[in-house]
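Peer 1: Each number in the numbering used here comes from the position in the sequence shown (counting from 1) with 39 added on. Mind looking over this structure? Questions follow.
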Amino acid sequence: MNPTEFILTIEDLTVSFDGFKAVDNLNLYIENNELRVVIGPNGAGKTTLLDLICGKTKATSGSIKFKNTELTRLAEHQIVRTGVGRKFQTPSIYENLTVYQNLEVSYPEGRSVLGSLFFNTTHAVQARVHSIAEEIFLIEQLNLQAALLSHGQKQWLEIGMLLMQDPELLMLDEPVAGMSAKERDLTADLLNRICKNRSVLVIEHDMEFVKKIAHKVTVLHQGKILAEGSMEKIQSNETVIDVYLGH
Ligand code: ADP
Ligand code: MG
Numbered sequence: 040m041n042p043t044e045f046i047l048t049i050e051d052l053t054v055s056f057d058g059f060k061a062v063d064n065l066n067l068y069i070e071n072n073e074l075r076v077v078i079g080p081n082g083a084g085k086t087t088l089l090d091l092i093c094g095k096t097k098a099t100s101g102s103i104k105f106k107n108t109e110l111t112r113l114a115e116h117q118i119v120r121t122g123v124g125r126k127f128q129t130p131s132i133y134e135n136l137t138v139y140q141n142l143e144v145s146y147p148e149g150r151s152v153l154g155s156l157f158f159n160t161t162h163a164v165q166a167r168v169h170s171i172a173e174e175i176f177l178i179e180q181l182n183l184q185a186a187l188l189s190h191g192q193k194q195w196l197e198i199g200m201l202l203m204q205d206p207e208l209l210m211l212d213e214p215v216a217g218m219s220a221k222e223r224d225l226t227a228d229l230l231n232r233i234c235k236n237r238s239v240l241v242i243e244h245d246m247e248f249v250k251k252i253a254h255k256v257t258v259l260h261q262g263k264i265l266a267e268g269s270m271e272k273i274q275s276n277e278t279v280i281d282v283y284l285g286h
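This is the structure in structure tokens:
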């Protein structure tokens, strides 16, 4: 296949922590507007994979290409600027700011301009905050202090903060952990909507949730890919059942 068809091309990626390979010679290809879910047992290397893509952890060897840019040579803030957004397992929002302010401060700095354009910029930011708040089910909570949101609403707010930057690749680590069934359903709707014009990489354990969102599933085990394909194919794979789904 032509590599330019992929938004993310990971080849021969390895990271070794004192000789222990948390990610071991991994190849992963993600298409435009694809929603990929990575599953696998604890310690499989899922979070480390996201750390490598966003530059938090440096690869020992191998390549991570985002569009035409090699990410393994870039610093975290440079990777963000290429259009990669990443949500960590625990929400990192500003608890003492309102929902509105949390979204507002997430508007990319480079896009705000001083002087005569200030008025237009302010309006552009306001419009964007409102449209994103609507998207993440928090339009009624715009003026509420973030500390007062439910755990699930905090997770949505953090997704919204990432959406403010309009990333072309959005990575989410266990986004529905701790959410109610209703919140999980809404999150599935949200992710199905936002992958219409970007690629999304999700790590998740909740198989009911995975079923609702995954275009393709990658099963990671001991830093390597154990299986990859449609949800149906993965769920009937004997090895996957043995090492992961059976438990
Ligand atoms: P998962 O997210 O799939 O549960 P992780 O990616 O967090 O797994 O961890 C994979 C393995 O790598 C674990 O054994 C973990 O202890 C190890 N690991 C992760 N980060 C580091 C690090 N910075 N230093 C040493 N070992 C690490
Ligand atoms: Mg993890």
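Every residue, glycine too, gets a C-beta built ideally from N, C-alpha and C.
Please enumerate, following chain order, all residues with a beta carbon closer than 7 Å to at least one heavy atom belonging to the ligand PLP.
Peer 2: As presented, the structure is devoid of the ligand PLP, carrying the ligand ADP and the ligand MG as its sole ligands.
Peer 1: Under a three-way DSSP split, which group does Thr48 fall into?
Peer 2: strand
Peer 1: Considering only residues of the same chain and omitting the five flanking positions on each side of Glu50, which have a CB-CB separation below 7 Å?
Peer 2: Asn66, Gly101 and Ser102
Peer 1: Tell me, which residues are paired with Val241 by DSSP?
Peer 2: Val76 and Leu211, per the DSSP bridge assignment.
Peer 1: Cβ of Ile132 within 8 Å of Cβ of Lys95?
Peer 2: Their beta carbons are not under 8 Å apart, which means Ile132 does not touch Lys95 by this criterion.
Peer 1: Short check: CB of Ile92 to CB of Met210, under 8 Å?
Peer 2: Less than 8 Å separates the beta-carbon of Ile92 from that of Met210.
Peer 1: By Cβ distance below 8 Å, which residues in the same chain neighbour Leu196 in space, the five residues on each side in sequence not counted?
Peer 2: Pro130, Ile132, Val138, Asn141, Leu142, Ile175, Leu177, Ala185 and Leu188
Peer 1: Just curious, the beta strand (DSSP E) that His260 is in, first and last residue?
Peer 2: Lys255 to His260
Peer 1: Which same chain residues, not among the five before or five after Gln204, have their C-beta less than 7 Å away from its C-beta?
Peer 2: Gly124, Ser145 and Pro147
Peer 1: Could you spell out the range, first to last residue, of the beta strand (DSSP E) harbouring Ile264?
Peer 2: Lys263 to Gly268
Peer 1: What did DSSP end up calling Asp310 once you bin it into helix, strand or coil?
Peer 2: The structure shown does not extend to residue 310, since the chain is modelled only from 40 through 286, so no value can be given for it.
Peer 1: Measuring CB to CB, does Val119 end up less than 8 Å from Thr87?
Peer 2: Cβ atoms of Val119 and Thr87: not closer than 8 Å.
Peer 1: Rounded to the nearest angstrom, how far is the Cβ of Gly217 from that of Asp63, given a contact under 8 Å?
Peer 2: So it is not a contact: roughly 30 Å between Cβ atoms.
Peer 1: Have a look at Leu208 and Lys126 and give me their C-alpha separation to the nearest angstrom.
Peer 2: 11 Å
Peer 1: Shorter than 7 Å, the distance from the beta carbon of Gly191 to the closest heavy atom of the ligand ADP, or not?
Peer 2: no
Peer 1: So Leu240 and Arg75 are in contact, right, with Cβ under 8 Å, and what is the actual spacing, rounded?
Peer 2: That belief holds up - the Cβ atoms of Leu240 and Arg75 are roughly 5 Å apart, short of 8 Å.
Peer 1: To test your reading of the DSSP string, which unbroken beta strand (DSSP E) runs of 3 or more residues are found completely within the stretch 107 to 174?
Peer 2: 123 to 126, all fully within the stretch 107 to 174.
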